[in-house]
Every structure is written in C-alpha cells, then in structure tokens.
Amino acid sequence: MTRLTDIVTLADQYRVMASIGRDLPAFSETLGIDLGAIAGPLQIDPGCFQDFGALISLDGFCRLLETLAVVSGDEALGLKYGQFIAGGEAGPFSLGLAHAPNFKEMLSFYVKYIHVFTEVDVFNAIIETEQITVEWSYSPLISQCEQYADCEAALVLSRFQRFAGRPVEPLDAQLVRRPPRDKSLHVKTLSRNVTFGADINMIVVPASLLDGDNPSADNVIFDYMVQQCETLAASRPRKKDIITILKEDCIEHMATDNRAIADVARRLGMGERTLQRRLTEIGSGYWDVFDETRNELSKRLLTDTDLPLSDISVKLGYSTQSAYTRAVKRWHGKTPGQLRRQIRSNLRS
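Under my numbering, the first residue of the sequence shown carries the number 163, and numbering increases by one thereafter.
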C-alpha cells in the first residue's frame, strides 16, 4: 500500500498551472507522437491543459516531458518546447509580466508570484551593477526535472526578450541537468558559456535591460494582475510539513557525509532535540525517515532511469554496491536487478 508520506505522493503536492501544457499536443504532433498514449499511464489528461484555472502535479508534468524526450530521442526537447510556447502564454502571471511598468517592476513581480504559475523551491533575482542573475531550483522530491528546467530557462529568456523588444544574449547560464550529448541548441539559445551539472539553475543577463521602457506597459492591467496573483497565492499555502522538509533534506544530502541528525537539525534551523521531539509526536524517527526515503528513491531510480546499479548505489550514499544490494534485499527480498525487472514488467502489463 502506498504511504501518504512516500516521496512520490509528497512530490505531487507541488503544482503547476495546467496551461503550461496548452501547446503540448500540437508540439507532440510536430514530432509524430501521440501525446495521449504517453500521458495516460502518467495519469495526466491532456484535456486539462486547456483549463487556465486548473493545477496539475508538477512532478507528473516533469515526467511527461522526460518521457517525450526519451520517445523522441531529443535531449533538448524541453528547451524546444519552451521556445514553442514562448509567444502564446496567458493567465494572470504571464499578463502581469507583459504589462509591468518597467523591467525592475517586472522582475519583482516575477520573483514574488512565480509560485502562482509553478512551485519552485528557490527563485531569486539578483541585480548588480553590470548584470542581473536569475536562479531557480525545484524540490529534491521531483527527481526528473531536466526537461522542465530547460523549458523554464527558455521561458525566462523569452519573457525578458519580449519585454525588451529585442534579442537578449545572456552573459552566462548554468543548469543542474546532466550535459546533453549535443549541446549546440543550449549554447545557441542560452549562452556560449552554458555549463551543466550545476548546484542551481541560473541565467545571467546584462543590467542594461533595466534601462528600457515597456511598450506594452499598462498600470491598470498590471495592478489587476497583481490582485489576481495575490488571491491565487493566498489560496495556496506554501508551508511544508516536517516529513516533506526532512525527506527533501535526506535526498539532497544522501550522498554526503553530512547526514547525521545534528547536521540535519542545524540545516533546518532547529535543535537536535526539537527535531527528535517533532518526529516523535508523529510516531517517527530520523533514521526511520532516512531509511524510508532511501528505499523510495532507490525504487524511483530503478523505475525511471537506466542508471547502472553502481551509480545508483553512489547516489544513495552507499560505500559499495554490495551494501546497496543488501539493503534492497532487506527492503524487497530481491536484488536491485531483479526488482528493476519486476517493476518494469508490471508497468508493461
């Protein structure tokens, strides 16, 4: 039985506006792919993409983009989809961006209300003398977000370019994702200096963007979109429960030496005894949560990736692959290879 606190269920609490997929059926058609056949097993109804008020699972949409990338054999699919939809966005968030009085106001609106459109873990805009740095990341519970991060990068850049009314050449860009085999589109679209395997997604643009006026500025529309976004934000409380917070931390630091309860408590801004007490109150303990998260992440990596077992064991923080094998046998009574084959057989049937 699926626990209400497993990482897949917890990941589903993060949402994105369904309209992010409005153009996905047409985009998939250009690739000769039947979107419905792929979306069905992920429990996503493509019809919901036309509902501008609906929210869907961010994790589910990320997995949909990843599946499309695999089926199409295109590691830059997310980047291309971001470019495909760039001119046709709608909704209060996009309209607010489009009608902001100036670039600085637009940037402030972007940071304050991005979570109305998509739930990011971090989204910052840092204005310096020569450059503006935009950085973002997603919850560690969302394990497959390479294509979605690419899509977001394309959208950030296209929104800036639409506002400026001219092409914007980033000074720098970095992505958390693994490097694609063919980097040419990322280099052409994002930056000649684009790097991969970073700690956070980031785009750096010239500070000269702050000097331009917005030809589409409309204070009446902008103020109304601020009100709309405030209403939406108030209806979506963002406070995480202790299990979500702890499992995110476990995933983020699983392969490091900083996973003792004292280290965790310090990162969470509380005392070790306070953390233990809060977990005891809900009938749990730190190492129980850690082991449970390890098991769930192991299962997800076996299901969703073709990573070698040796790589998975490293990601899970095991000193040897044999130690990982013993853990999987303890959890499931099977070796990792046997479990992977069983899971995939069940998915096909």
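Backbone N, C-alpha and C define an ideal beta-carbon position, used for all residues, glycine too.
Is DSSP giving residue i helix, strand or coil here?
i      : result
Arg506 : helix
Met142 : With the chain running from 163 to 511 in the structure shown, residue 142 is simply not present.
Glu290 : coil
Ile407 : helix
Asp380 : coil
Arg328 : coil
Ser484 : helix
Arg284 : Arg is not the amino acid found at residue 284; the sequence shown has Val there. Here Val284 sits in strand by DSSP.
Val356 : coil
Thr497 : coil
Asp473 : helix
Asp375 : strand
Leu234 : One point to set straight first is that residue 234 is Ser, not Leu, in the sequence displayed. Helix at Ser234.
Ser219 : strand
Arg225 : helix
Ser256 : helix
Ser320 : helix
For residue i, count neighbouring C-beta atoms within 10 Å of its own C-beta (all shown protein chains included) and say buried if the count is 16 or more, exposed if not.
i      : result
Trp449 : exposed
Ser190 : buried
Gly244 : buried
Pro254 : buried
Ala316 : buried
Ile294 : buried
Asp221 : buried
Thr280 : buried
Lys242 : buried
Val349 : exposed
Pro332 : buried
Thr418 : exposed
Thr192 : exposed
Asn376 : buried
Gly194 : exposed
Val284 : exposed
Glu292 : exposed
Gly240 : buried
Cα separation between residue i and residue j?
i      : j      : result
Pro342 : Asp312 : 11 Å
Met179 : Ile200 : 20 Å
Arg462 : Thr482 : 20 Å
Tyr272 : Gly258 : 9 Å
Gly209 : Thr436 : 46 Å
Arg387 : Ala262 : Before going further, note that residue 387 is Met rather than Arg in the sequence given. Met387 and Ala262: Cα-Cα distance of roughly 10 Å.
Phe358 : Met416 : 21 Å
Arg225 : Gln205 : 11 Å
Gln390 : Arg503 : 48 Å
Ile444 : Gly202 : 35 Å
Ile288 : Trp493 : 45 Å
Gln309 : Thr487 : 30 Å
Val278 : Asp403 : 20 Å
Leu347 : Val356 : 11 Å
Glu237 : Arg440 : 42 Å
Between which two residues does the alpha helix (DSSP H) carrying residue i extend?
i      : result
Gln438 : 434-443
Ser190 : 186-192
Val212 : A small correction: the amino acid at residue 212 is Gln; Val does not occupy that position in the sequence shown. Looking at the DSSP string, Gln212 is not in any alpha helix (DSSP H), and its letter there is neither H nor E.
Asn457 : 448-466
Arg177 : Element bounds for Arg177: not the alpha helix (DSSP H) but the beta strand (DSSP E), 177-179.
Leu239 : 239-247
Arg428 : 423-429
Leu269 : 265-279
Lys345 : It is not in any alpha helix (DSSP H) - Lys345 carries neither H nor E in the DSSP assignment.
Ala201 : 197-201
How far does the beta strand (DSSP E) with residue i in it extend, from its first residue to its last?
i      : result
Leu337 : 334-337
Arg398 : Arg398 -> no beta strand (DSSP E), and no H or E assigned at all.
Ile365 : 363-368
Tell me, please, whether the CB atom of residue i is closer than 7 Å to any CB atom in chain B?
i      : result
Phe322 : The structure shown contains no chain B, having only a single protein chain.
*asked:* Would the stretch 173-181 count as touching the stretch 232-239 if we require 3 or more Cβ pairs under 8 Å?
replied: In this structure the stretch 173-181 does not lie against the stretch 232-239, because fewer than three pairs of beta carbons, one per stretch, are closer than 8 Å.
inquiry  = With three or more beta-carbon pairs closer than 8 Å as the criterion, would you say the stretch 392-406 touches the stretch 363-372?
reply    = The stretch 392-406 makes no contact with the stretch 363-372: fewer than 3 CB pairs, one atom from each, lie closer than 8 Å.
_Any contact between the stretch 296-306 and the stretch 400-411? By contact I mean 3 or more CB pairs, one from each, below 8 Å._
By the C-beta criterion, the stretch 296-306 is judged to be in contact with the stretch 400-411, since at least 3 inter-stretch pairs fall below 8 Å.
Query raised in the report: Should the stretch 488-507 be regarded as contacting the stretch 465-475, the criterion being three or more beta carbon pairs within less than 8 Å?
Result: Short answer: they touch.
* **Contact between the stretch 418-433 and the stretch 373-380 (3+ Cβ pairs under 8 Å)** => The stretch 418-433, when compared against the stretch 373-380, does not touch it at the 8 Å Cβ threshold.
Query raised in the report: Given 8 Å as the limit, is there contact between the stretch 383-391 and the stretch 258-269, that is, 3 or more CB pairs closer than that?
Result: A contact exists between the stretch 383-391 and the stretch 258-269.
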